[in-house]
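Undergrad: Terminal number for the sequence shown in the working numbering: 287, no gaps in between. The C-beta atom is built at its ideal place from N, Cα and C for all residues, glycine as well. Remember, it's a predicted structure, so these values are computed and weren't measured experimentally.
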Amino acid sequence: MKNRIVCWFSCGAASAVATKMMIAKSNDNQELVIAYCEVEEEHPDNKRFLKECEIWFGQKIIILRNEYYKGSIYNVFESNYMRTPAGSPCTRALKKQVRQKFQKIDDVHVFGYTAEEENRLNNFIDANNEIDVYSPLIDRCISKENCLSMIENAGIELPTMYKQGYPHNNCVGCVKGGMGYWNKIRVDYPETFNRMAKLERRKGYTVLKEPKTGKPLFLDDLDPNRGRMSEEPNIECGIFCHAEEQIYNAVRLIKERMGRYTIAAL
C-alpha cells in the first residue's frame, strides 16, 4: 500500500496550487488528504477562500485546531512569551503540535514552497529529517506570482490580505511582522493594532525591537512613519519557523547555564 499524501493547505495561494497539482498527479489508489490548521486570528475571508478551493479541488479540506488554546494566538501568548528573534510560540502550539497529532509516521508531506524558496525548503528538510517532504512548486519552477495568477485564472478571488497589499495570508497582526507591517496593520486593522499594543504593555514583551540597539519598542511608541513593509524580511509561519525557535531557545538556555556556572566559580 502506498504512503498517504498530506497536502498542508494554509489558505495561501502557493499551498492551494501545490495541493491542486498533487491531486492531478495522484491516482485513485493513492490516499490523499488536505489538512488545514485553523487559527482564529486569520482574516475571516479565508473561510470563503477555503470553500472555493474545496470546489476547485473536488475534495473536502480537513480542518484541524488546537482546542486547548481555542485556536487563538492570544490564548497562546497569555501562557507564553510572544516571540523570539527566531520564531514565535503560536506557530508551535497552533501548527506544529496540531500537525504532529494528525500525521502518520510514513506520510508524504506536501508544502507550498515556491521556486524562490528553495533555500527555505532545504533548511526545513535539514531541521525535519524525520518526515518525508515534497514541494511540487519547486520541482516545476513555479513562483509565488505564478501561483497568484493561477488562482485568479481558476476563477477564485484572492484572499483579502493579498488584495490589501500584504505579501502573505498569515494572521491579521502577526507578531513576526516588522515596523512597516505593523504600521500598515495600524491603518487597516486599528482594533487589532490596539489589542496587541495593550497585550504588550500588560505582558511586558514587545513584538518589535530597535534595529541598531536591540532595545524593545512598544507598538504604542512606534512612529507611524517608520518602516517599509516591502523592504522587510518575509514572515515565516510554519514548521521551519518553529525549528528556528527551538534553536534560539537552546542557545539561550546554554548561555544562561554558562552564566550561572561563571558566577558560581567566582
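Residues in the same chain with beta-carbon distance under 8 Å from Asn50, minus the five sequence neighbours each way, listed in chain order, please.
TA: Within the sequence shown, the letter at position 29 stands for residue 50. Closer than 8 Å at Cβ, skipping near neighbours: Lys23.
Undergrad: Could you please give the first and the last residue of the uninterrupted alpha helix (DSSP H) stretch that includes Tyr183?
TA: Along the sequence shown, read from residue 1 onward, the residue named residue 183 stands at position 162. It spans 181-184 - the alpha helix (DSSP H) in which Tyr183 sits, taken as one unbroken run.
Undergrad: Kindly list the residues whose CB is nearer than 7 Å to the CB of Lys230, restricted to its own chain and excluding five residues on each side of it in sequence; keep chain order.
TA: Within the sequence shown, the letter at position 209 stands for residue 230. So the list reads Lys236, Pro237, Leu238, once near-sequence residues are dropped.
Undergrad: Could you please give me the residues that DSSP links to Tyr155 through a beta bridge?
TA: For the purposes of this step, residue 155 is identified with residue 134 of the sequence shown, where counting begins at 1. According to DSSP, Tyr155 bridges with Val131.
Undergrad: According to DSSP, is Ala28 helix, strand or coil?
TA: Your numbering for residue 28 matches position 7 in the sequence shown. Checking the displayed sequence, the identity of residue 28 turns out to be Cys instead of Ala. In the structure shown, Cys28 sits in a strand (DSSP, three-state: E or B).
Undergrad: To test your reading of the DSSP string, which unbroken alpha helix (DSSP H) runs of 4 or more residues are found completely within the region 66-110?
TA: Taking only runs of at least 4 residues, the alpha helix (DSSP H) segments lying wholly in the region 66-110 are 66-78, 94-99.
Undergrad: What does Val54 pair with, by DSSP beta-bridge criteria?
TA: Residue mapping note: residue 54 aligns to position 33 of the sequence shown, counting from 1. Answer by DSSP bridge pairing, in chain order: Val27.
Undergrad: In whole angstroms, what separates the C-alpha of Glu88 from that of Lys116?
TA: The residue labelled residue 88 in the question sits at position 67 within the sequence shown. The residue labelled residue 116 in the question sits at position 95 within the sequence shown. For Glu88 and Lys116, the distance between alpha carbons rounds to 12 Å.
Undergrad: Let me know the secondary structure DSSP gives Pro211 once reduced to three states.
TA: Residue mapping note: residue 211 aligns to position 190 of the sequence shown, counting from 1. Three-state result, Pro211: helix.
Undergrad: Pick from Arg216, Trp203, Met171, Gly133: whose alpha carbon is nearest that of Val27?
TA: The residue given as residue 27 occupies position 6 in the sequence shown. Ranking Arg216, Trp203, Met171, Gly133 by Cα distance to Val27 puts Gly133 first.
Undergrad: Is there a Cβ from chain B that is less than 7 Å from the Cβ of Phe78?
TA: Here chain B cannot be found, since the structure has a single protein chain.
Undergrad: Where do the N-terminal and C-terminal ends of the alpha helix (DSSP H) with Thr40 fall, by residue?
TA: To locate residue 40, count along the sequence shown from 1; it is residue 19. Thr40 -> alpha helix (DSSP H) spans 34-46.
Undergrad: Taking the straight line between their C-alpha atoms, what separation do you get for Met250 and Asn48?
TA: Sequence index remark: in the sequence shown, residue 250 carries index 229 (1-based). Sequence index remark: in the sequence shown, residue 48 carries index 27 (1-based). Taking the straight line from one Cα to the other gives about 42 Å.
Undergrad: Taking all protein chains shown into account, decide if Ile76 is buried (16 or more other Cβ within 10 angstroms of its Cβ) or exposed.
TA: What you label residue 76 is simply residue 55 of the sequence shown in a count that begins at 1. Exposed, by the Cβ-count rule.
Undergrad: Going by the beta-carbon positions, is the gap between Asn190 and Gly33 smaller than 7 Å?
TA: On the sequence shown, position 169 is the one that residue 190 refers to. On the sequence shown, position 12 is the one that residue 33 refers to. Yes, these two residues count as a Cβ contact at 7 Å.
Undergrad: Quick one: complete alpha helix (DSSP H) runs, 4+ long, within the region 164-203?
TA: Entirely contained in the region 164-203, the alpha helix (DSSP H) runs reaching 4 residues are, in chain order, 165-174, 181-184.
Undergrad: Compare the C-alpha of Leu216 against each of Pro188, Asp241, Gln124, Cys58 and name the closest.
TA: If you number the sequence shown from 1, residue 216 lands on position 195. Before going further, note that residue 216 is Arg rather than Leu in the sequence given. The option with the nearest alpha carbon to Arg216 is Asp241.
Undergrad: Excluding the 5 residues preceding and the 5 following Glu62 in the sequence, name in chain order all residues of the same chain whose CB lies nearer than 7 Å to its CB.
TA: Locating residue 62 in the sequence shown gives position 41, counting from the first residue. The residues are Ser93, Ile94, Cys192, Val193, Gly194.
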